[in-house]
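Accompanying notes for the structure given below.
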Ligand SMILES: Cc1cc2nc3c(=O)[nH]c(=O)nc-3n(C[C@H](O)[C@H](O)[C@H](O)COP(=O)(O)OP(=O)(O)OC[C@H]3O[C@@H](n4cnc5c(N)ncnc54)[C@H](O)[C@@H]3O)c2cc1C
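Residue numbers (my numbering): 30 to 546.
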């Protein structure tokens, strides 16, 4: 019997996610399966009774993906902590008062990890010298969910997103059948992808016709003509099944790691410096793990002795692997582009302090937002390399329009993030409904500009249940990028697998759209 809770505290805990923008409606119960078999049992029951099921990780998502807006049951994955059969050595850990287990093959640098493992716990469990590179800022996120959202972080500049590190998956399909698939076993052909479930049933899924761009991307189902089946599930936001276990590739910890936080008077100097570092990295002259940006407004939100009494225009953080003697290209770039001050870290304590300093920004912004009773709207768009500065100019134009329309003290927008991947987050900070209304308009307009430039509307947060207002009409967020027909194609694929439409309805594609098929 799968553990079930329907007390008010549990229902409340699962009624929203970190966005706070979406609320569950008619959530009846939360189920806590402990194994793949229990997930299967639950989904068979849901199909038999026609109950909608919404999958949940730790709830750190900011697009409402885990929120059961259509009622029914929530399926919590946090108790999926026991690893199944695997060829490696077994490791277990007591943490948060719970037992976690996984399998590792040190020589082959591979791990088999249950979906309910938080990323910070995974980090502690891996043998010394090995690590799992995707590093989304939220370390309490669960592994299964981070695969379902193709999460990424600062080091994705060097290591890529979650997708690159997923070797195989165990998935429970929406009808309760299951699948264990390794990369290289099943590939798409002539517009469809076919496979056989554990119960012997054959599935033929019609692939959407769009082609996912080769850039940092967490928007829509991944789709390419000869794609691997594993890639269809990575980033699928729970539409196609519940991930219960992940076969990961690991990396060797690079050593030593060095951190350079360089401050500049102007944005242009900072961007030119970053271009020079990127070029040195691409030429193999520097091993750059992360290349991150902070605008002047971001620096005003942060506190550290290095900032006291200063008013820098921008800063760039470069995380490197290598020896001090190999840093000439970095020194040259700093000198050529007018660095005015810097903070170089090469000891574990200093690197930790620098990391905490950088990670303090989102929380400082959130507490500012709470103090001012305001709302924040953050972009997640990625531009193609050649168009990044054009999108940046559009961000500034939008920010200035906002500032001009609502002149007042306090910040109107801050900009920071993954400059290496041309993926900045612009956070608009509104203080009342009128400001929010304008920002919503600006946001939708910027998303369309990102698409027009060949970019994507989500680099890491996913799409979930987000909508935008376009000329007074509420439009599914993903429609801005794929058009209505693109959404129908995703819906057709989903329905081929989820004939009763029970699992994670409302993510990427609104429920009503299934009636258009
Ligand atoms: C302060 C802050 C910083 C963040 N920084 C980053 C960042 O740097 N990079 C980044 O990528 N994201 C970031 N995020 C977003 C979020 O942390 C990630 O999307 C994360 O992967 C979500 O994990 P979760 O366990 O909280 O999942 P949830 O929010 O619970 O769920 C996310 C989605 O995955 C689905 N899902 C969950 N588990 C499964 C499963 N086992 N099988 C199938 N579907 C499943 C859910 O239905 C939902 O659609 C940030 C969020 C916050 C609040």
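For glycine and all other residues, C-beta sits at the position ideal for the given N, C-alpha and C.
Just so you know, these numbers come straight off a predicted model, no measurement behind them.
Mapping DSSP to helix, strand and coil, what is residue 537?
coil
Does the Cβ of residue 490 have 16 or more other Cβ atoms within 10 Å, making it buried, or fewer, making it exposed?
buried
Reference residue 480; option with closest CA among 248, 438, 296, 370
248
Answer yes or no: the CB of residue 127 versus the heavy atoms of ligand 1, is any distance below 7 Å?
no
Count the other CB atoms within 10 Å of the CB of residue 206; is the residue buried (16 or more) or exposed (fewer)?
buried
Pair every Cβ in the segment 228 to 241 with every Cβ in the segment 136 to 152, then say whether three or more of these pairs are closer than 8 Å.
no
So residue 173 and residue 72 are in contact, right, with Cβ under 8 Å, and what is the actual spacing, rounded?
In fact, because the Cβ distance is near 15 Å, the residues do not count as touching under 8 Å.
Should the segment 284 to 300 be regarded as contacting the segment 326 to 343, the criterion being three or more beta carbon pairs within less than 8 Å?
yes
Regarding residue 187 and ligand 1, is the C-beta to nearest heavy atom distance less than 7 Å?
no
Taking C-alpha atoms, which residue in 533, 472, 414 lies nearest to residue 483?
414
Complete alpha helix (DSSP H) runs within the segment 427 to 488 (minimum length 4 residues, chain order)
462 to 481
Considering only residues of the same chain and omitting the five flanking positions on each side of residue 498, which have a CB-CB separation below 8 Å?
469, 470, 473, 504
Between the segment 373 to 385 and the segment 440 to 454, can you find at least three pairs of beta-carbon atoms closer than 8 Å?
no
Could you pull out every residue in the same chain whose Cβ sits closer than 8 Å to the Cβ of residue 139, ignoring the five residues on either side in sequence?
117, 133, 196, 276, 277, 278, 279
Once the 5 residues before and after residue 146 are set aside, which same chain residues still bring their CB inside 6 Å of it?
129, 172
Beta-carbon separation of residue 141 and residue 115 under 8 Å?
yes
Have a look at 494, 528, 214 and flag the residue whose alpha-carbon is nearest the alpha-carbon of residue 536.
494
If you count every other CB in all the chains shown that lies within 10 Å of the CB of residue 450, and 16 or more means buried, which is it?
buried
Answer yes or no: do residue 411 and residue 246 have a C-beta to C-beta separation smaller than 8 Å?
yes
Just to check my reading of the structure: residue 362 and residue 317 have Cβ atoms closer than 8 Å, yes? What is that Cβ distance to the nearest angstrom?
At roughly 11 Å, the Cβ-Cβ gap does not stay under 8 Å, so residue 362 and residue 317 are not in contact.
I'd like to check one pair, residue 61 with residue 105: are the Cβ atoms closer than 8 Å?
yes
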